[in-house]
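S.K.: The opening position of the sequence shown corresponds to residue 1221 in the numbering used here, with each subsequent residue numbered one higher.
Glycine included, every Cβ here is placed at the ideal spot set by N, Cα and C.
What you are looking at is a predicted structure, and each value in this text was computed from that prediction instead of being measured.
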Amino acid sequence: VLLIVAEPLKAAGIKGAGVYGIAMFTGVGAIPVAVGATLFKKDTSEAEFKATQEAVFAAALRIAGKNGRVISQDRQKGLIRAKISGADISIDISGMPSGGSRVTVSARKYFIPKPELASGLLYEIKREIE
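Put into structure tokens, the structure is as follows:
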């Protein structure tokens, strides 16, 4: 219920209401505001590449395997799940009409967003492709 209520607030740009309303919606003391703000923090990093979806997928798979353990991969959907530095990593690669690719990397460790890890992995993928 918390996610259903908080997501539209974030999308509407009412970040303050989303963060401070967490305590109100869940009951006083159920989730401290600081914890709620941390859990809803952005955990992704995105970039677009001129390379094909297949080339980007192969590079991302190599990087994920080099830095940690690949848990699952779906070449057709462009999804890679991995465990790197104790964090749960999700790499989503989608093709674009121009022939390029869009990559979204998300990282969370114990439900805490790790955007710096996501950005680092995206940087490594970029270096591998270029």
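Out of Ile1283, Lys1303 and Lys1297, which has the shortest C-alpha to C-alpha gap to isoleucine 1291?
M.R.: Reading the sequence shown from its first residue, position 71 is the one you call residue 1291. That would be Lys1303, whose Cα lies nearest to the Cα of isoleucine 1291.
S.K.: Please tell me whether alanine 1307 and leucine 1281 are closer than 8 angstroms, where the distance is taken between their beta carbons.
M.R.: The residue you call residue 1307 lines up with position 87 of the sequence shown. The residue you call residue 1281 lines up with position 61 of the sequence shown. Their beta carbons are not under 8 angstroms apart, which means alanine 1307 does not touch leucine 1281 by this criterion.
S.K.: In terms of residue numbering, what span does the beta strand (DSSP E) encompassing glutamine 1273 cover?
M.R.: Numbered from its first residue, the sequence shown carries residue 1273 at position 53. Not the beta strand (DSSP E): glutamine 1273 falls in the alpha helix (DSSP H), residues 1273 to 1287.
S.K.: Just to confirm the assignment, what range does the beta strand (DSSP E) spanning glycine 1315 have?
M.R.: Taking the sequence shown and counting its residues from 1, the one referred to as residue 1315 is at position 95. 1307 to 1315 is the extent of the beta strand (DSSP E) around glycine 1315.
S.K.: Out of Gln1273, Lys1334 and Asn1287, which one is the CA nearest neighbour of glutamate 1344?
M.R.: By one-based count along the sequence shown, residue 1344 stands at place 124. Considering only alpha carbons, the answer is Asn1287.
S.K.: Taking Cβ to Cβ, would you say alanine 1284 is nearer than 8 angstroms to isoleucine 1313?
M.R.: Walking along the sequence shown from the start, residue 1284 turns up at place 64. Walking along the sequence shown from the start, residue 1313 turns up at place 93. The answer is no: Cβ separation not under 8 angstroms.
S.K.: Is DSSP giving arginine 1301 helix, strand or coil here?
M.R.: Translated into the one-based positions of the sequence shown, residue 1301 becomes position 81. Strand.
S.K.: Roughly how many whole angstroms lie between the Cα atoms of aspartate 1294 and glutamate 1274?
M.R.: By 1-based counting over the sequence shown, the position of residue 1294 is 74. By 1-based counting over the sequence shown, the position of residue 1274 is 54. Each residue's Cα considered, the two are about 11 angstroms apart.
S.K.: Quick check: the Cα distance between lysine 1334 and proline 1317, rounded to an integer number of angstroms?
M.R.: Numbered from 1 along the sequence shown, position 114 holds the residue referred to as residue 1334. Numbered from 1 along the sequence shown, position 97 holds the residue referred to as residue 1317. If I take the Cα positions, the gap works out to 30 angstroms.
S.K.: Note down, in chain order, each residue of its chain lying with its Cβ closer than 6 angstroms to the Cβ of glutamate 1266, except the 5 sequence neighbours on either side.
M.R.: For the purposes of this step, residue 1266 is taken as the residue at position 46 of the sequence shown. Within the same chain, glutamate 1266 has close Cβ partners Thr1324.
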